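Q: Start counting the sequence shown at 8; every next residue gets the next number (the numbering used here).
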Amino acid sequence: MKLLSLWMSLFFMLTSWIIGFYFISILYTPTIIIPLPNHFLWTNEYKGLLGLTAILSLLTIPLLTYYMKKRNSFVHTQKLSTAFLINFTAWLLTIASQLKIVAYNLGICH
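#1: Provide the residue(s) that pair with Phe47 in DSSP beta bridges, ordered along the chain.
#2: Terminal residues of the continuous alpha helix (DSSP H) containing Ser64?
#3: Would you be able to state if there are at least three C-beta pairs under 8 Å between the region 18 to 32 and the region 79 to 89?
#4: I'd like the list of long-range same chain contacts for Pro42, defined as Cβ closer than 6 Å, with 5 residues on each side in sequence excluded.
#5: Could you tell me if Met75 is buried or exposed, where buried requires 16 or more neighbouring beta carbons within 10 angstroms of its beta carbon?
#6: Hey, how far is the Cα of Met8 from the Cα of Leu17?
#7: For my contact list, Ile26 and Gln105 are in at a C-beta cut-off of 8 Å; report their separation, rounded to the angstrom.
#8: Would you report the Cα separation of Val109 and Gly58, rounded to the nearest angstrom?
#9: If we call anything under 7 Å between Cβ atoms a contact, is Leu63 one with Ala97?
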């Protein structure tokens, strides 16, 4: 279970980076529109598709390296399971927001 959580975190992280770079190569626009509930945010394509991924990666990588070093001494507790569940949820929301941004911009631009 311990290594499965680690591999799932790495899988979601790599999936988010791959989705971001793939859609940056497809969208040929200098500006990405990010739909928010009350207004729109206009930004460049790298910030729009990879900004949240970069921030979440900077938070996840140190935690995963610490966990990898200490994984034999950790006891599988509810606190550890909750931390991984929050991590998975954050990555899934990041991937979903990337797909929503791309879908919105493809609908406007094409």
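Glycine included, every Cβ here is placed at the ideal spot set by N, Cα and C.
Since this is a predicted model, take the numbers as computed values, not measurements.
A: Straight from the coordinates:
#1: Pro42
#2: Glu52 to Lys77
#3: no
#4: Tyr111
#5: exposed
#6: Any reading at Met8 needs caution, since the residue's pLDDT is 49, under 50, leaving its predicted position unreliable; the model's value is listed next. Looking at the two C-alpha atoms, the distance is approximately 14 Å.
#7: 5 Å
#8: 14 Å
#9: yes
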